[in-house]
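One structure is given here, and the rest of the page talks about it.
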Amino acid sequence: MPILEAYGPTTARGPALRPASPRPLSHAARKFGVLPRPTLEWNAEVERETAPLYGRIKDVVPPVEWPFFAPYVKAINALKKERDAVILAHNYQTPEIYNCVADFVGDSLQLAREATKVNAKVIIQAGVHFMAETAKILNPDKTVLIPDSRAGCSLAEAITADDIRLLRERFPGVPVVSYVNTSAEVKAESDICCTSANALQVVESLGSERVIFLPDEYLAKYVASQTTVKIIAWKGHCEVHERFTGDELRKYRESDPSIQIIAHPECPPDVLAEADYTGSTSGMVQWVRDRRPRRVVMVTECSMADNVKVEAPDVEFVRPCNLCPHMKRITLPKILDSLLNMEEEVVVDPAIAEKARRAVERMIHLKS
Ligand code: SF4
């Protein structure tokens with residue numbers, strides 16, 4: 004079914020910059036206190052204690068870099084216990100975060116599900132701001148921190164709650180499905196959320212002939228190609244996935260006809276037309292686990308190939324390397340600072356959180 008209509012800005016608005024001026028202590032810092040900075044020294048003890056962790060990532064992190072990372076890894080893992088904290092890390096985080104300090108890893112849907120099961124007092128989101136907001140929405144009584152609140156997302160910045168209210172006026176009675184890559188205010192105005200892993204299932208679960216699906220135009224087009232439900236889309240784009248082109252993938256295929264191409268549905272249609280498999284990041288990980296291809300082009304954020312390589316060392320990953328600048332704001336030094344200073348605390352207005360929670364939980368409780 005071709006997409007019905009698409010509304011909105013033709014380019015993403017880009018992440019909102021927050022002021023960098025010194026702020027007063029957060030509520031979390033006052034509640035938990037600020038801890039002194041540990042010694043961050045590379046020595047024989049640190050090398051011995053972190054050797055098993057380095058063993059996991061040695062194929063993707065050169066030995067020359069480990070003496071910088073290892074003292075942070077040791078300090079962060081000790082501080083997590085002291086703070087009763089867990090780290091949720093998205094698939095696009097760098098290997099030393101994903102493999103060495105994270106407690107739970109996955110895509111947006113997996114992290115949202117994990118966030119409902121967390122027992123710790125503190126959640127650190129190694130990901131972007133909308134993910135930290137989702138964790139807070141699902142855990143209103145826990146302290147949620149993001150190591151750098153400037154870690155935004157071009158999709159989340161592409162639409163506002165006012166935009167949704169206007170769409171509802173234009174299409175009365177048509178349900179609104181929002182990708183989780185949206186702000187809490189947008190989720191609060193939506194009937195249900197979705198991720199790229201369950202977008203088709205969510206759209207079809209509503210029993211409606213037409214659905215407003217936002218903000219990702221390309222994901223909307225992909226869903227529209229898989230269903231008879233008419234999709235009303237929004238013109239938001241992921242600034243990372245929209246950079247891939249069908250041309251570059253055809254060149255990979257020409258140079259090696261046996262190469263496999265797997266792509267994320269946030270990519271433009273000409274990219275998906277070249278793919279042997281289209282799926283969410285969790286879908287791509289599973290595809291590699293099941294198929295064990297000899298060579299694969301993973302058409303998504305660059306770090307993900309490094310993280311999958313750790314568990315599939317026999318697979319050769321070809322990386323058309325597009326980095327997400329927002330995901331890359333999260334680093335080991337910032338995670339350490341976050342644990343020491345209990346910054347930056349994620350706060351969501353309780354009235355908005357309650358409405359947004361309904362949309363997120365409705366998605367989580369859909370039977371898979
Ligand atoms: S990769 Fe794209 S969708 Fe994901 S956080 Fe970055 S800008 Fe947003």
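According to the working numbering, the residues represented by the sequence shown are 4 to 371, in order.
By construction, the Cβ of each residue, glycine as well, lies at the ideal position given by its N, Cα and C atoms.
Under 9 Å between C-beta atoms of residue i and residue j
i       : j       : result
His-241 : Tyr-221 : In the sequence on display, residue 241 carries Cys and not His. Contact: yes.
Ile-2   : Leu-342 : With the chain represented from 4 up to 371, any question about residue 2 goes unanswered, as that position is not in the structure.
Ala-154 : Val-180 : no
Val-131 : Ala-31  : no
Phe-107 : Glu-99  : no
Ser-193 : Ile-234 : no
Ser-283 : Tyr-95  : no
Ala-315 : Arg-297 : no
Cys-103 : Arg-59  : yes
Ile-162 : Val-189 : yes
Val-46  : Ser-111 : First, the amino acid is wrong: residue 46 is Asn here, not Val. Cβ atoms of Asn-46 and Ser-111: not closer than 9 Å.
Ala-223 : Gly-286 : no
Leu-217 : Ala-236 : yes
Leu-326 : Gly-239 : no
Ile-90  : Ala-135 : no
Leu-170 : Tyr-280 : no
Glu-348 : Thr-53  : no
Lys-83  : Ala-191 : no
Rounded C-alpha distance that separates residue i from residue j
i       : j       : result
Asn-80  : Pro-55  : 14 Å
Ala-278 : Ile-265 : 5 Å
Met-1   : Pro-150 : Any property of residue 1 remains undetermined from this structure, which presents the chain solely from 4 to 371.
Glu-164 : Pro-260 : Checking the sequence, you will find Ala at residue 164 rather than Glu. Whole-angstrom Cα-Cα distance: 46 Å.
Trp-290 : Asp-309 : 15 Å
Val-313 : Tyr-101 : 10 Å
Glu-304 : His-244 : 7 Å
Leu-369 : Pro-27  : 41 Å
Ala-362 : Asn-122 : 23 Å
Thr-119 : Arg-253 : 42 Å
Pro-268 : Tyr-225 : 6 Å
Tyr-75  : Val-37  : 17 Å
Gly-17  : Thr-137 : Here Gly-17 scores only 47 on pLDDT, less than 50, and its place in the model should not be relied on; the value that follows carries that caveat. Answer to the nearest angstrom: the Cα atoms are 20 Å apart.
Lys-34  : Asp-340 : 16 Å
Ala-105 : Ala-354 : 31 Å
Leu-43  : Met-345 : 19 Å
Asp-293 : Val-299 : 13 Å
Ala-115 : Asp-273 : 30 Å
Arg-40  : Val-64  : 26 Å
Glu-160 : Val-351 : 17 Å
Glu-364 : Val-67  : 44 Å
Val-232 : Ser-29  : 46 Å
Ala-78  : Pro-336 : 10 Å
Tyr-57  : Trp-69  : 7 Å
Thr-230 : Glu-257 : 32 Å
Arg-213 : Asp-219 : 17 Å
Pro-178 : Pro-271 : 25 Å
Ala-15  : Cys-324 : Bear in mind that a pLDDT of 44 at Ala-15, under 50, signals an unreliable position, so the number given afterwards is only what the model happens to contain. Rounded to whole angstroms, Ala-15 to Cys-324 spans 21 Å at the Cα level.
Met-366 : Met-301 : 27 Å
Helix, strand or coil at residue i [DSSP, three-state]
i       : result
Thr-284 : helix
Ile-265 : strand
Gly-249 : helix
Thr-13  : Reliability of the predicted coordinates at Thr-13 is poor, the pLDDT of 42 falling under 50, and no value is obtained from them.
Asp-110 : coil
Ser-181 : strand
Val-121 : coil
Trp-69  : helix
Phe-320 : strand
Ile-235 : strand
Cys-270 : coil
Ala-88  : strand
Ile-149 : coil
Met-134 : helix
Phe-216 : strand
Arg-298 : strand
Ile-127 : strand
His-244 : helix
Glu-304 : strand
Ile-60  : helix
Ile-195 : strand
Glu-347 : coil
His-30  : helix
Asn-80  : helix
Asn-94  : coil
Asn-102 : helix
Asn-310 : helix
Next item on the list: May I ask you to verify whether the segment 305 to 325 touches the segment 136 to 150, counting CB pairs closer than 8 Å and requiring at least 3?
Entry: no
Check: Near ligand 1, which residues have their beta-carbon less than 7 Å from any of its heavy atoms, given in chain order?
Finding: Tyr-95, Val-131, Cys-156, Ser-157, Leu-158, Ala-159, Asn-184, Cys-241, Glu-242, Val-243, His-244, Glu-269, Glu-304, Cys-327, His-329, Met-330
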